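**Student:** Pasting a structure below so you can have a look.
2 protein chains.
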Amino acid sequence: MHLSIICRILGILLMLFSFTMLPPIIVSLIYDDGQLAPFVDAFGLILFIGLLVWFPVRNKKEDLRVRDGFVITVLFWLVLSLSGSIPLYVSDNPSMSFVDAYFESLSGLTTTGATVITGIDDLPKSILWYRQQLQWLGGMGIIVLAVAILPMLGIGGMQLYRAETPGPVKDNKLTPRITETAKALWYIYLGLTTVCGIGYWLAGMTPFDAITHSFSTIAIGGFSTHDDSIGYFDSTAIELIAVVFMFLAGVNYALHFFSWRQRSIFVYLKDPEFQFYAFVVGGVSVITISVLIATETYEVSEAITSGLFEVVSIATTTGFATADFANWPLVLPFLLFVVAFIGGCAGSTGGGMKVIRVLLIYKQGLREVKRLIHPNAVIPVKLGRKPVPDRVIEAVWGFFSVYMFMFVFMLIILLATGLDQVTAWSAVGACINNLGPGLGDVAYHYGDLNSTAKWVLCFAMLLGRLEVFTLLLLFTPAFWRH
Amino acid sequence: MHLSIICRILGILLMLFSFTMLPPIIVSLIYDDGQLAPFVDAFGLILFIGLLVWFPVRNKKEDLRVRDGFVITVLFWLVLSLSGSIPLYVSDNPSMSFVDAYFESLSGLTTTGATVITGIDDLPKSILWYRQQLQWLGGMGIIVLAVAILPMLGIGGMQLYRAETPGPVKDNKLTPRITETAKALWYIYLGLTTVCGIGYWLAGMTPFDAITHSFSTIAIGGFSTHDDSIGYFDSTAIELIAVVFMFLAGVNYALHFFSWRQRSIFVYLKDPEFQFYAFVVGGVSVITISVLIATETYEVSEAITSGLFEVVSIATTTGFATADFANWPLVLPFLLFVVAFIGGCAGSTGGGMKVIRVLLIYKQGLREVKRLIHPNAVIPVKLGRKPVPDRVIEAVWGFFSVYMFMFVFMLIILLATGLDQVTAWSAVGACINNLGPGLGDVAYHYGDLNSTAKWVLCFAMLLGRLEVFTLLLLFTPAFWRH
Ligand SMILES: [K+]
Ligand SMILES: [K+]
């Protein structure tokens, strides 16, 4: 472990993060909402701590190893979520306990979007802005994590996307160095956010709502400035804009990058993960809309927009709501929840297990069937025309079973704290998949849960966002040996 | 496909099965319970159909291929469960619809033990005997399936147990030919049943109850001749005897075989699957008993016996009950249910995913963690000292994901028929794991479910018993090609 270099990076990170308090300070000044102090305090405190951590090791220069990468990635989210909770904890409106402030901050940064706050419409503007901004910043972190760091660490099959190994992106190397890769993708992220925000504004949102909702849309976060979420606006145009941008934000950013550079939409259409993603979202939308019409839950036109909106929102793990989907008839709430386990594409801001992994598991399942019929045949698993290395498939299996194991493990703890089964499983599912809203007692907010449950769910959000292994690895003795 | 040889085998099977109507006929005569007609009718009908199927092809001799093995295995359970439902359907006490009679028959033969009947204490003796006997016969079928047929077909990693390939049993080949292997194991099965029955009788059961409960204990079936199951006897001695024999019945029968032949108990202790099985059952027992004592659900002595009994009953997937475990506090019902997914050892009459598979998944998970730390190391997965071929591990992964997929798929259908979430998931879980009792509306019996749900659950029982792939394979076009 190279403690000094880790401290140097974290110190710089904290100092950078402190400056993200400036926009809410400006918002507070504009709206004169009396929340200047919490953000100014947080700004000073975080900057000071950052300096304190950075200054003693500012001149140390050592090479980072893969092992350090795991520690820094985990600390990144831990330290920033802790720092991010400061203004929420200090502020008296909303007045929050420490666990609530941390839960809200982490839920924002991991783009989960589970909230413990009720009466969101009445919150000060600066706090509203800040929550949305946390998600947007978290989304930026996720893109670096997903496109640059996880492939390098080889988490759960993501070495598939490692630039230097064979895989879908082999022939079209991303800009090789992490910082340049990140920059390119951030431009796309910023571009999508801008276009989405303008769209919302043209469709009738106030500039404040348009900007803040574009933040949480592109980050696949799901926070809103209204208790009724997107349903507040009661506008089909806004819902359709949200559908388009949630769907785009759930696509691998590498595809956006190549599509932009090659000025061609075929980049998307040729990608097996994108095909599967579009197929799942499309298929579940058709089923959902059909059931809503057949059960006469809505009129036909409302069934189509509400159905499409909720499916895209849950399937991408955004978690925006226009309808009370937790109370939709029969199997729909459960079905949508299962789709959230699939989640977004790898290299997007979406949560869940990621489309590519589910696709590989499905293909491996098919291969097993073929092998039973032809026991001696050599049958490769292919993505498009390219065979996938067995090593990658094994990593994906490992990911799947550990994901399921941790899901059941946390579910058992939540049940032990006294939650009912539907609340418990949907809460863990909504948090580990970075989805946000659950079913049962957590269909609207998480405020009424006990503290133990909230801490467990914080762990679940972090676990999901760090693709399980990055975090779990730090709990193994083998990692700390040497 | 070799239709004539398949018909020849099925014809013989039906004729043999018809003679299993004789014991209930004798019971009916002894107790004069007025149920002679249904069993005599069934005897004649099944024998006649068997003859009809067998006679035209009695002289055909062709070699069986692996492909035929799948068809025969599935038809074995389908045809026998259908035949087995005849006396239940024909009888007027209990008066059952066709779906109920089939559900009960299949539940017996697959040793699931889910029942649609209430008022079991008042049933005619011959019917009671018949239900228990169905489970015992099913158990015999499962042993052949697990020890001789599945390894040959290579289902879900079970080629590990194929006599001619490297694996735990390589050095101690089972008697090579299927019939002789089956015979040896049936002697063990019969021996265990006899000792268990004598034990029950000495502990105070009537001879009738002792025999019939020994049937359902060794078959890991869970049917009882009383509504209150084993709880009816209110005897610690009987409960402890049940615990011992349920535990033994959940062990791989190949271990019993070698332990007997080598006159050594070390055969068990050296086996990695047995070690893991004992560890899981022991560990969950300790947790359960602790929680029961801590929550003051029972006095200490009752907490120990009830806790131990329910854990062994659910973990082995027997499904006997002495206590209302579905209403135990907090997490216990869910925890026990999760353990049922692990189930018995491979080559036993137990259900679930099988201990060996869960052990291999766990070991593969550990390997993934090690690989993240040492990306270039070659790390084999080992059972004891022997490395497990990657091919087997891939098959186990395939099994796990298809098992989970089918679980969720059937759960969605059950929810669509209007069941609540707890009832639906526990019903599918109890049936696919061949466990029996569920939670919610199916904690006591399955009689109140709608017909669609019952048919889906029949499919689940069959799917679990046939280790998923054997049945699913028949639904793939590739299987029927050529
Ligand atoms: K979200
Ligand atoms: K059972």
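In order, the protein sequence lines correspond to chains X and A.
So the first sequence is residues 218 to 699, counted in the numbering used here.
So the second sequence is residues 218 to 699, counted in the numbering used here.
For each residue, glycine too, the CB sits at the ideal point set by N, CA and C.
Just so you know, these numbers come straight off a predicted model, no measurement behind them.
Just checking residue 465 of chain X against ligand 2 - is the residue's beta carbon closer than 8 Å to any of the ligand's heavy atoms?
**Tutor:** Flag unset: Cβ of residue 465 of chain X not near ligand 2.
**Student:** 9 Å is my cut-off, CB to CB: does residue 615 of chain X come that close to chain A?
**Tutor:** Judged by the 9 Å Cβ criterion, residue 615 of chain X is in contact with chain A.
**Student:** In three-state terms, what does DSSP make of residue 604 of chain X?
**Tutor:** Strand at residue 604 of chain X.
**Student:** Does the distance from the CB of residue 587 of chain X to the CB of residue 600 of chain X come in under 9 Å?
**Tutor:** Against a cut-off of 9 Å, the Cβ pair of residue 600 of chain X and residue 587 of chain X comes out as no contact.
**Student:** Out of A/683, A/341, A/454, which has the shortest C-alpha to C-alpha gap to residue 539 of chain A?
**Tutor:** Looking at the Cα atoms, A/454 is the closest of the given residues.
**Student:** In the DSSP output, which residue or residues are listed as bridge partners for residue 312 of chain X?
**Tutor:** Beta-bridge pairing links residue 312 of chain X to X/309.
**Student:** Between residue 541 of chain X and residue 320 of chain X, what straight-line distance do the alpha-carbon atoms span, to the nearest angstrom?
**Tutor:** Using only the alpha carbons, I get a separation of about 24 Å.
**Student:** For residue 426 of chain X, count neighbouring Cβ atoms within 10 angstroms of its own Cβ and tell me buried if that reaches 16, exposed if not.
**Tutor:** By the neighbour-count rule (16 or more Cβ atoms within 10 Å), residue 426 of chain X is buried.
**Student:** Establish whether the CB of residue 226 of chain A and some CB of chain X are separated by less than 9 Å.
**Tutor:** So no, residue 226 of chain A is outside the interface.
**Student:** Under DSSP, the alpha helix (DSSP H) around residue 246 of chain X begins and ends at which residues?
**Tutor:** Residues 239 to 248.
**Student:** Would the beta-carbon of residue 535 of chain A be found less than 8 Å away from any heavy atom of ligand 2?
**Tutor:** Yes, the beta carbon of residue 535 of chain A sits closer than 8 Å to at least one heavy atom of ligand 2.
**Student:** Interface residues of chain X around residue 726 of chain A at Cβ under 7 Å?
**Tutor:** Residue 726 of chain A lies beyond the range of chain A shown here (218 to 699); nothing can be said about it.
**Student:** Just the Cα atoms here: how many angstroms apart are residue 347 of chain A and residue 695 of chain X?
**Tutor:** Rounded to the nearest angstrom, the two C-alpha atoms are 56 Å apart.
**Student:** Looking at the secondary structure, which residues open and close the alpha helix (DSSP H) in which residue 515 of chain X lies?
**Tutor:** Element bounds for residue 515 of chain X: n/a, residue is neither H nor E.
**Student:** So with Cβ pairs under 9 Å, would you call residue 496 of chain X a contact of chain A?
**Tutor:** No, residue 496 of chain X does not count as interfacial toward chain A.
**Student:** For residue 599 of chain A, name the three-state secondary structure that DSSP assigns.
**Tutor:** In the structure shown, residue 599 of chain A sits in a strand (DSSP, three-state: E or B).
**Student:** I'd like to check one pair, residue 440 of chain A with residue 330 of chain A: are the Cβ atoms closer than 9 Å?
**Tutor:** Cβ atoms of residue 330 of chain A and residue 440 of chain A: closer than 9 Å.
**Student:** Quick check on residue 391 of chain X: buried or exposed, where buried means 16 or more other Cβ atoms within 10 Å of its Cβ?
**Tutor:** A caution first: residue 391 of chain X carries a pLDDT of 43, below 50, which makes its placement in the model too unreliable to give a value.
**Student:** Where do the N-terminal and C-terminal ends of the alpha helix (DSSP H) with residue 224 of chain X fall, by residue?
**Tutor:** First-last of the alpha helix (DSSP H) with residue 224 of chain X: 220 to 235.
**Student:** Decide if residue 486 of chain X is buried, meaning its Cβ has at least 16 other Cβ atoms within 10 Å, or exposed.
**Tutor:** Residue 486 of chain X is exposed by the Cβ-count criterion.
**Student:** Give the residues of chain X in contact with residue 686 of chain A, contact being defined as C-beta atoms less than 8 Å apart.
**Tutor:** Those within 8 Å of residue 686 of chain A in chain X are 585, 586, 589.
**Student:** Quick check: what's the CA-CA separation for residue 450 of chain X versus residue 265 of chain X?
**Tutor:** The straight-line gap from Cα to Cα measures roughly 41 Å.
**Student:** Residue 254 of chain A lies in the alpha helix (DSSP H); which residues open and close that run?
**Tutor:** 253 to 271 is the span of the alpha helix (DSSP H), which, as asked, contains residue 254 of chain A.
**Student:** Under 9 Å, do residue 669 of chain X and residue 634 of chain X count as touching if we go by C-beta distance?
**Tutor:** The answer is yes: Cβ separation under 9 Å.
**Student:** Starting from residue 426 of chain A, follow the alpha helix (DSSP H) in both directions and report where the run begins and ends.
**Tutor:** Segment 424 to 435, the alpha helix (DSSP H) holding residue 426 of chain A.
**Student:** Do the region 612 to 625 of chain X and the region 523 to 539 of chain X touch if we need at least three Cβ pairs shorter than 8 Å?
**Tutor:** Judged by Cβ distances under 8 Å, the region 612 to 625 of chain X makes no contact with the region 523 to 539 of chain X, as fewer than three pairs qualify.
**Student:** Should residue 410 of chain X go down as buried or exposed, given a rule of 16 or more other Cβ atoms within 10 Å for buried?
**Tutor:** Classification for residue 410 of chain X: buried.
**Student:** Less than 9 Å between the C-beta atoms of residue 462 of chain X and residue 505 of chain X, yes or no?
**Tutor:** No, the pair does not count as a contact, with Cβ atoms beyond the cut-off.
**Student:** Looking only at its own chain, which residues have a Cβ that is under 8 Å from the Cβ of residue 552 of chain X, when we skip the five neighbours before and after it?
**Tutor:** The residues are 501, 504, 505.
**Student:** Where in the region 521 to 566 of chain X do unbroken runs of the alpha helix (DSSP H), each at least 4 residues long, occur, reported from the N-terminal end onward?
**Tutor:** For the region 521 to 566 of chain X, whole alpha helix (DSSP H) runs of length 4 or above, ordered along the chain, are 549 to 559.
**Student:** Under 7 Å Cβ to Cβ from residue 308 of chain A, same chain only, skipping five residues before and after it: list those, please.
**Tutor:** Around residue 308 of chain A: 252, 255, 344.
**Student:** Is it the case that the Cβ atoms of residue 652 of chain A and residue 512 of chain A are separated by a distance below 9 Å?
**Tutor:** The answer is no: Cβ separation not under 9 Å.
**Student:** Report the CB separation of residue 270 of chain X from residue 231 of chain X in whole angstroms; it is logged as a contact under 8 Å.
**Tutor:** Sure, about 6 Å apart at Cβ, within 8 Å.
**Student:** List the residues of chain A whose Cβ lies closer than 7 Å to the Cβ of residue 693 of chain X, in chain order.
**Tutor:** Going along chain A in sequence order, the residues near residue 693 of chain X (Cβ under 7 Å) are 586.
**Student:** Nearest to residue 531 of chain X by CA position, among X/590, X/583, X/466, is which residue?
**Tutor:** Nearest of X/590, X/583, X/466 to residue 531 of chain X, Cα basis: X/466.
**Student:** Compile a chain-ordered list of the residues in the region 499 to 511 of chain X whose CB is closer than 8 Å to at least one CB of chain A.
**Tutor:** Taking 8 Å as the Cβ-Cβ cut-off against chain A, none of the residues of the region 499 to 511 of chain X qualify.
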